[in-house]
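Counting in our numbering, the sequence shown runs from 4 upward without gaps.
Beta carbons: idealized from backbone N, C-alpha and C, even for Gly.
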Amino acid sequence: MRKYLNMKCPLLVSLAMWGVLIILAPPALADNAVKLKVLVISTGDMAEDLGLAYIQPVLEEMGVLYQVFDAAKQDLTAAALASTPVGTACKAEEKGCIGNYNGIILTDADLDPNFTPAEWDILHDYQKNFGVRQTVLSGWPATYSDPQPPYGVYLDYGLAYSSSGNDYDARWTIPAAYSKEVFEYVNRGNPLSITDFAFAAIPRNDASGLRDGSIPKVEPLLRTRNGEALVSIVRYMMPSRTTPVREVMISTITHAPFLFHSKVLAYEFVNWVTQGVFVGARRIYMAAHSDDLFIANSLWDPALDRIDVANTYRLKGDDINNAVSKQLAFRAAHPVAGTFKLDFAFNGSGATIDPEASILAANLSEDLVAAVVANKAHFRFINHTYGHADMDKAPVSAGAACDYSTFSTIATIQAEITRNRKVWELLGLPEESQNNRVLVSGKHSGLRDPKCTENPALHPEMFDVQADDVPFDEGGANPLFLQAAASAGVDYLASDSSQRAQNIEQYISRYDDGSPMDRLLLPRWPTNIFYNVTHPLQLKDEYNYLYYERFVKAGQDPCEIPGAICSPRDYTEILAAEADVALRHMLTFNKWPHFFHQSNLARYDESGNTLQFDWLNAVFAEYERVLNLPVENHPYYQIGDYTRESLYTKSASIQATWNRTTNQVTLSADKAVPNLLVTGLSGGDLYGGQFISRITVDSSSRAFPVDQALRQ
């Protein structure tokens, strides 16, 4: 377990790995304070409200503190928004009064009919009194008047209907005043395609106001080609003031977790409403694993539309030298990639003189091995077991057999782990990859029970899950494999995110592995750059067979089959589709790696092109068309460490209060939380124009100065 600095001094400078934080003595409770928590007002639960299903996973992944209020079933009260220590409603000017939220997100512009005019007044009064912003995710911004006393307009976004549709080519029109504060992470020179239903509106910007006397002034941020507003900031002005009494960011676009435009816009909906100060953080990640180094992969036969087990490919020394060159060229072409490195998940049996020997010796003179050793500083490495052995359960019945080899003891499984570590030492591979902490089993085996039968006709990422298979969450994992991993000191196990119950970062607690600490499951994303292809023609043939031709041959219409395609694709179209999928993954702010296989690094032409780098270049070209943020590339063990910290943080009760008079955030927790991520504190690591800090909090309150950075 990692040891953390326990900071107990009232004034201390912590030279943390992500920046410098100045810790101040906690102040006495002051006025003009709000808790760092977002209130999400929905029109139902996640099954009923598409907007909630969209924004809640974003908040969860970022680690933002939030609470959901269902406008269809609950009544909003002033005390729920701001209260004294004894629970009575209060105003910001009253001593000891704290606002319970530093941002309000509405999933729909007019919410639910059950949300009354009086509740709208309560909500708006809180925003005005505590200087809290509001974001509206979707819906038509109609104007509503109260037919009952005190009468008058209680809801008005200052927009007039212009058009509606589901195909807008939107343009960024960020006013200069907001250029460093909103959507600073997008590539504003390129349009954003809106691919689902949206209302487009024209700002009125007239003298019409609400019953509280405020007049909405609209500043569009994203417009249609015709100049209609799709996303805007509405500033509610009083005749006697030069600053707004209330601010709302409103989107009239439909949002859902599966919509690309929604993923691009999601961060700002959270960041703007919190004024850039919140518990949690956002970063963009990409890691690419190349499995099976040192052993060969069987190849796809286009003539037979199946794998030809007699035809294999194992990388050559020239392929490794070429990968070094392509990686350097990739970094140069895509500066946002930084110091990107490939990760090789390797099988050491293919790097030894005699794989069966009890005392292993590295085959250092062999072409591939020599090239890997010579270029080892350019890559990272992961234990993929010694011989890519299958870790699935052995037959239960005596005399029964599987169509794959199995192990029956913990010791033999553990040897597959430890012998590969020995090869690591013999080759002198970099220890920065911390070879003892992470394990990728062959085909992610040991986590699902295929009941001794598998379909070898398809590649591992897409094999048919048969009716009798037992998934991970129903006891399908092999307890001997988990015990062997625990005995070998493995902290993190790779899983295939396309498999049931393996697409969740989770401690493997339902299985007893004999250790006081559970292994942590780290999902990886598969790609459609299949393990059994080395060049574009081969990939195109298999791709079109799997997603189109096999259905046509069976007399089915591919257009009616989920996941299939309606017509064959060429290589460029395949890369474009893959880039779209990968970019959506990146925009979840998730750290999961994408995995490939060593055959995908084969040099297939005189220019040194490879399938894996073709994929990377396509992904980053699409990424840079939309965003400008640096992309983080971490070793697998570090992804595990960050995941462990995130899960631990979610198990704690974090208290965070922003005193806007002193401009400090006071933090505490019900237990010691190392490396809590907080955005907007002074001295953190600057990312995308904002400071992100990693700090230790515990039951004693500490105050930290705020620095929103983007305002500078």
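Tell me the rounded alpha-carbon separation between residue i and residue j.
i	j	result
N678	T646	12 Å
G47	V282	25 Å
T87	Q658	16 Å
F599	D294	6 Å
V372	D322	12 Å
S703	W275	29 Å
E250	N506	38 Å
F554	R572	15 Å
K183	E271	12 Å
A299	N666	60 Å
L331	G341	10 Å
N103	G692	27 Å
E718	G351	Only positions 4 to 715 of the chain appear in this structure, which leaves residue 718 out of reach.
A201	F484	51 Å
N535	P708	54 Å
L296	N593	26 Å
P30	E96	Its pLDDT being 37, under 50, P30 is placed unreliably by the model, and the measurement read from it follows with that caveat. Taking the straight line from one Cα to the other gives about 18 Å.
G155	Y164	21 Å
G558	R226	46 Å
L525	H447	11 Å
G1	M394	Residue coverage of the chain in this structure runs from 4 to 715, which leaves residue 1 outside it and unanswerable.
K11	I695	Confidence is the limiting factor: at K11 the pLDDT is only 30, short of 50, which leaves the residue's position unreliable, though a coordinate-based value still follows. K11 and I695: Cα-Cα distance of roughly 21 Å.
I believe residue i touches residue j by the beta-carbon criterion, under 8 Å. Please report the beta-carbon distance rounded to the nearest angstrom.
i	j	result
G390	E419	7 Å
T664	N35	5 Å
F384	F333	The Cβ separation is near 19 Å, so there is no contact.
Y640	L586	That belief does not hold up - the Cβ atoms of Y640 and L586 are roughly 26 Å apart, past 8 Å.
G683	D644	Incorrect: roughly 24 Å between the Cβ atoms, too far for contact.
L109	I58	So it is not a contact: roughly 10 Å between Cβ atoms.
I287	E635	7 Å
Looking at the structure shown, is residue i part of a helix, part of a strand, or coil, going by DSSP?
i	result
G106	strand
I218	strand
I58	helix
F707	strand
I253	strand
I362	coil
P502	First, the residue type needs correcting, since residue 502 is Gln and not Pro in the sequence shown. Looking at Q502 - three-state DSSP - the assignment turns out to be coil, as it is neither helix nor strand.
I532	coil
H258	coil
I26	Note that I26 has pLDDT 43, beneath the 50 cutoff, so the model's placement of it is unreliable and no number is given.
F592	coil
S235	strand
S328	helix
M394	coil
V399	coil
R587	helix
G351	helix
I728	The shown model of the chain, from 4 to 715, leaves out residue 728, and the question about it has no answer.
G168	strand
D304	strand
L540	helix
M65	helix
What residue range does the alpha helix (DSSP H) around residue i cover?
i	result
K266	263-276
Y550	Counting along the chain, Y550 falls outside any alpha helix (DSSP H), and DSSP gives it neither H nor E.
F484	482-490
D494	Counting along the chain, D494 falls outside any alpha helix (DSSP H), and DSSP gives it neither H nor E.
V372	370-377
T84	Going by the sequence as given, residue 84 is Leu instead of Thr. Run containing L84: 81-84, per the alpha helix (DSSP H) assignment.
Considering residue i, what are the terminal residues of the beta strand (DSSP E) in which it resides?
i	result
K38	36-38
A313	309-316
I695	693-700
Y690	688-690
I298	No beta strand (DSSP E) holds I298; DSSP gives it neither H nor E.
P206	201-206
Q70	69-73
F599	597-600
N386	383-386
L195	195-197
I44	41-45
Would you verify that the beta carbon of residue i is, or is not, closer than 8 Å to some beta carbon of chain C?
i	result
D688	No chain C is part of this structure, which consists of one protein chain only.
Requested in this report: Give, in chain order, every unbroken run of the beta strand (DSSP E) that is at least 3 residues long and sits entirely within the segment 649-686.
Outcome: 657-662, 667-672, 676-682
Requested in this report: Would you list, in sequence order, the uninterrupted alpha helix (DSSP H) runs of no fewer than 4 residues that lie entirely inside the segment 405-451?
Outcome: 413-430
Query raised in the report: Can you list, in chain order, the stretches of the alpha helix (DSSP H) that have 4 or more residues and sit fully within the segment 88-166?
Result: Runs found: 120-133.
Query - beta strand (DSSP E) segments (min. 3 residues) lying fully within the segment 602-642 - result: none
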